[in-house]
Structures are given as structure tokens and as C-alpha cells.
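Chains Y and A, in that order, are what the protein sequence lines are. Read in my numbering, the first sequence has 90 at position 90, and its numbers run on one by one without any break. Take any residue in the second sequence, count from 1 to its spot, add 1000: that is its number in my numbering. Cβ atoms here follow ideal geometry from the backbone N, Cα and C, with glycine treated the same way.
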Amino acid sequence: MEKQRVLVVDDDREIVNAIAINLQNEGYEALKAFDRLQALDIISTQNVQLIILDVMMPKLDGLSTTLKIREEKNIPIIILSAKSEDTDKILGLSMGADDYVTKPFNNMELMARVKSQLRRYLSLGDINGTNRPNLLQSGGLCFDLESHTLTVDGELVKLTATETKIMELLMRSPGRIFPAEEIYERVWEEPAYRVENTVMVHIRRIREKIEINPKEPKYLKVVWGIGYKIEKI
Amino acid sequence: MDTKLKKSKPFTAWICFFLAVSILVGLFITCLAAIDYSGGNWEALKAPFTDYKSSIAFKERTANYYDQLFSLVAEPNNINRAEMRKMSLDDEGKNLKYYAYNKSTGLMVQNIEADRFSPNSETNIPVLPAGYKYFWYFDGQKLWVYDHDKPVDIKRLDSGYPRLVQDYKYGLTPTYLSSIQVLLAVKDPLVKNPYGHSGYYEEQQLLSVIGWIYISLLVLGLLLLIYAIIRRPEKRQFDLKLAAWSGQMWLEVKILLSLLALILVAGFSFRVSSGGSDLLDGLLSFTVISCAMIFGLWWFYLMLVDLIVNGKSFFAHNSITSLLTWYRKYEKRYPWQKSMLKRAYMLVAAETVLALISVMFLLDAIEGSNGLSLLVAVAIAGTGIYLIYRYLKRYENTLSDLGKLIDHIKLIKNGDIQNRLEVAEDSDIYPAAQNLNSIQEGMSIAVAEKMKSERMKIDLITNVSHDLKTPLTSIISYVDLLNKEEDLPEYVNDYIKILAQKSERLKNLIQDLFDLSKASSENITVDKEELDLARLIKQTLADMEEPINESGLTFRLNIPDEPVYIVSDGKKLYRVWENLITNTLKYSLTGSRVFVDLTVDGGVALATIKNTANYEMNFSEDEILQRFVRADESRTTEGSGLGLSIAQSFTQICGGQFSIKIDGDLFKVELRFVTEPGGQVN
């Protein structure tokens, strides 16, 4: 199988080199670009499967480059940024980026995200092709109602029975916030009394299984003071 | 040069206007006077342009000669006078032929041959030499005046004769009169007398010149008037200057001068008609009179302009107000309270003096029933009342301004440093108001400076933390790469571990710093929604279950089962509780208990977290909240030292109150939020 190509764009050469080494260690082919023109040139001439893009390059705004790439290609884009505000993340994602990683980042986390994005991109056809009604989906998250199994970016996640029930409940209405009591009553099928801790423990465990960075969850979120939800993506 | 021209333009325009109006008014007065003088005789009025002989001046002169001739023969007692009279008659030379004869005394004066003087038997009118077409003839009973062989009806009013001619003179009896014969004939045309000054001839010359002078004056006046009308705006400018100048005069001076001007105008207008006997004398005195009149009229023009331009201040600028203004300037030398007191004393003193003077004049008025004294008494009393009115009015204004000042001080105390205190410039409070305004200005500048420097500091921290992140990314990345290297000696791996730890800590520190600077500049987006504070605390504790269990501390919770609804930002409140719990875990005495309580009282939710410190807290509540202050001061442990500061800032931007209490080893954090009554979580 041919090596997957990942393009790294940042004006800081050392960062680009470090990411490239890590990508090569993971078995990818890394392409380097240090400004917008180089990046656009490589994208148009070579077959690239993923782009890691810094949004604060001096010669261009990474966001406008994202838009430019999105006009032609549907390849995944991971944005790198020193801006850690929620608003910046939302802006980046709404511009067409698939993921948002803040600097300074953890190499392992970045590689995990690259892997997950590539898996999703390459298996996209499968998911779309098997558009079955008994499949609950949110982003890369897939819950099969028949087999009661959960996959993240195509990879199977091992869940306990309770965790599976919780995920089924949440995945049935993505975006809806469930209070701990409701989750408990519907999963355990017992009257709920002081269950916040119990539910939270399970939620935390699920997060550790499905999230790349459990501290900054992408799918399973705590809505502080209200409840829990699966992000609707 | 340019400015000079500009300056002189209004003056030129005004002078043109002045001359035009003066000339035209002068001419108008002259016309009126001439009509009056001529008794409405159109021929006489036209005389300057037609015939001198039809003018009143000619008739007056002739009547004068006639009188002289008459008295020469009627009362020859005074020889010297007679000689003088005869000389003035003879000065006329060929222009005047005369003959006077008194039958009873045989006295005769003449400059024509007697035989030539023989009345025509038919007409009983003397035959005169050729060229003498105008004559007066008294035949002993009646005066005849002939012009070009035609008798003139001297009784007609419009002939101009009646006021010149008197039938009976010096109380002479008709019998005596009947013996007197007088003839006086004037040459036509008049000629120059080389041996003396012919009054007739010179007057004729003068009259014809005057005619042309008047015509040219009329033309000049009209031209100037047209120019002045075209240059109206400039003229108006000079009017303003004049008004400014006359505005400096006291009202009293204006009234006095106006009265004088009125006397000039009115007084002289009665005298315009009574000119001298001689045309030239008459003209000169007439010119003086009409100039005075015109001057008077201009004075009223000035007053009118003054009144229109200056309006109220025309009346307001008088000796009393000037005195008051002077007094105000004088009292500024004293401290405020002293000058206010002094003013009251001065009023009492002035009132006393005025009352005394008024009473004196009143007594005088009663005693001598003197109207003028009464008037003066009333005027002085009026001045006294006016002074009291002014004082009270000013007192009222001062009080109202003082009220404004007090209100404004309160306003500043409450933090308004934008609005200025506006007080009239002549107010007693004005200096105080100015001072207050400059204090306020200083404050507002200081606040603005402080805000600016605070903002700059925050911007700096934001930018620096952004800039720090880029090299830190490289450090972390390469440390990580090093970490993956195999075949490194053990001690190098230890070094790398330290690098990894410290770069991780640096990362957290930078993020905390960034968050804090954002939060304390309130430059952060807050997503407020209704949430259950009780649930949030439980969630946080559940989320941090692992480190709590590891710490060996016992958490005692006293949180109600029913929801406590508040409106706030859940994510940020989570950060607050995370920081508070982390802080507790770090600085609590091993094996001690931590108490987390939540109570609701009177619409306020109070959440507290209490722990026993594992060190002596030798600092105040305020000090611990200072940025970078760490409880143990050693700065060797993990953490940025910003935890509590971030918790405080985030609580505040989430709409809560954050306070710390230290009691011995007890460390207590209190959070207060306003609850939402009967809220419903979706």
C-alpha cells in the first residue's frame, strides 16, 4: 500500500521539521511548505491526503487558505493555532477545517488526530455507502443499533454494557442535554437519588475510550451545571 | 496694507452715509427755511436760478435803503448817522438812484437831478432814467412799488413785502408825512461799483453761486447716499463699532447728552427762520444752526444704533451696575466667606446712607414744597430698592449655584467624571466651579491613563503569551523526539524527563497567564445560561474524583438535593471550582477534612469551601489574591500561582462575588451568586 501523504504548513521551520519527523515515524510521507504559495502549489501538483496548517503565518491568513483549499479539495485539514479561545476554534471549524489543535500541542495527540482524520477520510465511502437506518452517527462517531457497537473513525471501541446503554441513549438525540437523573433512570432503570457521581464516573470512562484528548472532548461533553450530551456534528 | 484697506472700508462707507444724510437733511432744513422765509413766494424761491430782484434778500435790502432814506429826511438830527447812512447808499454806486425831500424842512438828499424827478402828470409816477426799471416811491401818502413799469401789490402776502414795509414810521403824523417824498430806483442789470462795495451786486453774485452750491450739494449728497446704500454691509460694520464705543457710556451720560441734543434740535429749529438782516450773515448763522441741529439728529441716530445693537445692555450699563462690578472686583481680594459677609454689610451701609439722603430731600420737599427735591428723594429711594433687588437676585443665584456645586461633588463621588459643572462666569461660585472642574479633569485624565496602562499591560501579556507559545511548541516537540530516542545513557534520559516536566509546566503557566489577563480585562466572551449550581459543584467533584481520592483528604459535602438555579457561564464556573479544589488539594493538611457547603438565603446562593492549611498562613486575604503570590512562597511546587486570581476573575465575570477568609489555619473561600427564582433547566 502506498504511503499516505501529509502536508505540513507553518512559517516556523523547526515546528514543520518536528511534525514531519513524527509523521515519518508513524509511517506517513511528510511534505513541507513554509508559506501559502508553496502550500497551494504542492496541493495542486501532488496527491495529498491531509493538511496540517498553521493559521498565524505572516504571509497569509491560514483561515483564508483553508477556504481556498476547500474550494477544490475535500481533504481533511487540521488547523494549528496559538489561539486557544473557544471562539477561535469555532471560527476555524466553521471555515471548513476538520480539527483544531492549539499550540503548544502534544505530539502523540497530534498524531492521534492525524490518524483519526485519515481513517475517517479514507473510510468515508464505506460509511456513506452503508447508510443504514439503524446506524446512529455524529462526526466520526458511529453507533450500530443492530450489533450495539460503537466505532470512532471506523475503529471499534470496546464498551461495557452500561457504557453502551449510555452511548445509545445519548447518540439517539445528539445535541440534547441529559441530566444525570434521566440517564440513570433510563440506563439503570431505577429511581435516581444522588447519582451525579455514578453517572460522571461512567461518562469519564467513556470519554477516555472515545476521545483523543479526554480533557478537551470532541464528542462527549459535560454541560456544567446542566447535564451531559453528545455533540451534534 | 491689505489689513489697513479692510479696516478703512467700513469707515469710508459710514462716512459716506454720514455726509450724504447730513447734506440731504441740511438741504431739507434749508428748503423748509427758505419756504418759510419767502412766505411761499415761488418766484422768490427760484431767485438763485432766475432773477435776484425777485428774491427776498433783494427786497429786504431795498426796504432797508428805503428806511434809511426816509429817516434821513424825516429825522436829520444826528448828522453823523445821517452821513453814515448816506455813505452806505452811495456804496451802491450806479445801481441805486435815490431822492428824498422834506417840504416842511426843505431837506433833500439825492443822487439824481431834481428836474429829472418829475412825476408824470397822468400817472403821477416819476419818470426814471433808462435802465432803472424797479423803484419805490413814497408820495407823501402811500408807498408805490413798480417793477418794469407795473405796480406791485405790496399788500399781498405772497409778494414778500408786507413784513418789510410799514406805512407809518417813528410815530410821525400823517400831515408831517405828507410833506415827505422818497424815491428809490434800482438799475437793471446791476453793475459792479469800482468805488465801493455794492451790496446789490455782491448779493446777486453770492445768490447765484449759492444756487449752484445747493445743486451740487444735492447731487453730491445723492451720490454719497447711493454709494452708502451699495456699501450697506460695511457701513453696518462701522455701526457696530460705534455701538461698541457708545456702549461704554453709562446710561445716565447718554440721557444727559440726549437731553442736550434735544435742546439743540428743538431750540434751534425755532430759530431757523429768524436769520440776520444781511443774506450772508443770515446764511452763516443759519448754517451754524442747522449744523447743530444735524449734530443733534446724529446723536439720536447713534443712540438708536446703540439700542438696537446692544439691546438690554443699553440700559444695564449704568453707573450703579458699574459701581457693583467694581465692587465685585474689589471683593475678590478677600476670602469667599469674608466677601459674602462684607457684601451684606456694604448693602446695609449703602441703604442707610441712601435712606438718610432720601429723607433729607423729602423734608426739604415738604418744607419748601419743592418738586425737584421730591423727585430726587424718589430717585434715591428707587436706587435703594434697586440695590436690594440686585442683592437678593444675586443671593438667589449664588444659592442655586452652590446647590449645583454640592450636587456635582456628589456626582463625582459617585464616579461621574465626564460631565462638567456649568456656572455663569460672573457667579460667586465660578472660581470654585472651575477648580472642581479641573480636579475632575485631572481625575479623568488619571483614570484614563490608568486604564490605558492597564490595557497595555494586558495587551502585552496577551501578545507575549502568544509569542511564547511558538518557541515552546518547538521545545515540547523536540523534547518529545528526544524522549523517543533509544540508546541514550540513563542520565540523559533523566535530563530529558526534567525538560519535559518543566516545559509542560511552562505551557500551563502561559495558558493561566493568558486566561487571567483576558478575564481581568473583561475581554472575554461569557456565555451565560441558566444552570444548577448544586449540580455543577457535584459534577466538578465527580470529575476530580481521582485526584481527590489520591490526596487522602476527606470531603464533607453539604449541598442541597434540590437545584439552585443561577445564570452564569458553566465552563468558566467549572474552571473556578477546578482551581479551588486543586488549591485545596495542594495546601491542605494531610488527613484533614475539606468542607464544601452550598446554602440559599434570601435570593443569594452562598457556596463555601473550607480547608485546614498545611502551613502557617502569614498573609492577609488581599495578599493571597495578588497575582503570582503563592501560599508557600517557595515557588518550587507545580502550579502557576494564578489559581486563586483566575478563580476570582472568572467568578466576577460570571456575575458572582468572590471572597477569602483566613482564620488561624482555616482557609475559607466564599462565592456568592444571585439565584433565579423558580428557574427551569431545559
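Member of the options whose CA lies at the smallest distance from the CA of residue i
| i | options | result |
| --- | --- | --- |
| residue 1562(A) | 232(Y), 231(Y) and 225(Y) | 225(Y) |
| residue 1355(A) | 1259(A), 1376(A) and 1623(A) | 1376(A) |
| residue 173(Y) | 201(Y), 75(Y), 181(Y) and 138(Y) | 138(Y) |
| residue 1716(A) | 1094(A), 1148(A) and 1280(A) | Only positions 1001 to 1682 of chain A appear in the structure, and residue 1716(A) is not among them; the question remains open. |
| residue 1265(A) | 1291(A), 1283(A) and 1363(A) | 1291(A) |
| residue 151(Y) | 136(Y), 165(Y), 162(Y) and 222(Y) | 136(Y) |
| residue 165(Y) | 93(Y), 146(Y) and 19(Y) | 146(Y) |
| residue 1281(A) | 1207(A), 1236(A), 1259(A) and 1335(A) | 1207(A) |
| residue 1461(A) | 1489(A), 1437(A) and 1523(A) | 1523(A) |
| residue 106(Y) | 1414(A), 1507(A) and 1060(A) | 1507(A) |
| residue 1237(A) | 1015(A), 1025(A), 1285(A) and 1438(A) | 1015(A) |
| residue 1152(A) | 1053(A), 1442(A) and 1302(A) | 1053(A) |
| residue 1321(A) | 1571(A), 1492(A) and 1248(A) | 1248(A) |
| residue 1222(A) | 1443(A), 1018(A) and 1046(A) | 1018(A) |
| residue 1059(A) | 1397(A), 1107(A), 1257(A) and 1044(A) | 1044(A) |
| residue 1348(A) | 1324(A), 1388(A) and 1319(A) | 1388(A) |
| residue 1383(A) | 1544(A), 1323(A) and 1581(A) | 1323(A) |
| residue 1472(A) | 1449(A), 1499(A) and 1503(A) | 1503(A) |
| residue 1625(A) | 1608(A), 1538(A), 1661(A) and 1515(A) | 1661(A) |
Below-9 Å beta-carbon distance, residue i vs any chain A residue
| i | result |
| --- | --- |
| residue 179(Y) | yes |
| residue 68(Y) | no |
| residue 219(Y) | no |
| residue 82(Y) | yes |
| residue 108(Y) | yes |
| residue 103(Y) | yes |
| residue 12(Y) | yes |
| residue 87(Y) | yes |
| residue 230(Y) | no |
| residue 27(Y) | no |
Helix, strand or coil at residue i according to DSSP, with G and I counted as helix
| i | result |
| --- | --- |
| residue 1205(A) | helix |
| residue 23(Y) | helix |
| residue 1181(A) | strand |
| residue 1150(A) | strand |
| residue 1047(A) | coil |
| residue 142(Y) | strand |
| residue 1073(A) | helix |
| residue 1558(A) | strand |
| residue 209(Y) | helix |
| residue 1126(A) | strand |
| residue 1266(A) | helix |
| residue 1552(A) | coil |
| residue 181(Y) | helix |
Beta carbon proximity, residue i to chain Y, threshold 9 Å
| i | result |
| --- | --- |
| residue 1593(A) | no |
| residue 1556(A) | no |
| residue 1671(A) | no |
| residue 1540(A) | yes |
| residue 1466(A) | yes |
| residue 1636(A) | Residue confidence is low: residue 1636(A) scores 47 on pLDDT, short of 50, so the model does not pin down where it sits. No coordinate-derived value is stated. |
| residue 1525(A) | yes |
| residue 1402(A) | no |
| residue 1488(A) | no |
Test item: CB-CB of residue i and residue j under 9 Å
| i | j | result |
| --- | --- | --- |
| residue 1101(A) | residue 1073(A) | yes |
| residue 67(Y) | residue 10(Y) | no |
| residue 1670(A) | residue 1606(A) | yes |
| residue 1179(A) | residue 1041(A) | no |
| residue 141(Y) | residue 233(Y) | yes |
| residue 1161(A) | residue 1057(A) | no |
Distance cut-off 8 Å: residue i Cβ against heavy atoms of the ligand ZN
| i | result |
| --- | --- |
| residue 1564(A) | Annotation note on the ligand ZN: not contained in the displayed structure, which lists no ligands. |
The segment 205–216 of chain Y in contact with the segment 1554–1572 of chain A per 3-pair CB rule at 8 Å: No, they do not touch.
The segment 193–205 of chain Y: positions lying closer than 9 Å to chain B by Cβ: Checking the listed chains, one finds no chain B in this structure; the protein chains it contains are Y and A.
At least three beta-carbon pairs within less than 8 Å, the segment 1537–1557 of chain A to the segment 1588–1600 of chain A: yes
Cβ contact check for the segment 1465–1477 of chain A and the segment 11–30 of chain Y: 3 or more pairs under 8 Å: Segment contact: the segment 1465–1477 of chain A against the segment 11–30 of chain Y, three or more CB-CB distances shorter than 8 Å; contact assigned.
Meets three-Cβ-pair contact criterion under 8 Å: the segment 1510–1528 of chain A and the segment 1541–1556 of chain A: Segments in contact, no.
Three CB pairs or more closer than 8 Å across the segment 93–102 of chain Y and the segment 112–125 of chain Y: yes
The segment 1125–1138 of chain A / the segment 1174–1189 of chain A touching (three or more Cβ pairs under 8 Å): yes
Stretch-stretch touch, CB-based, cutoff 8 Å, three pairs: the segment 1289–1309 of chain A with the segment 1219–1233 of chain A: no
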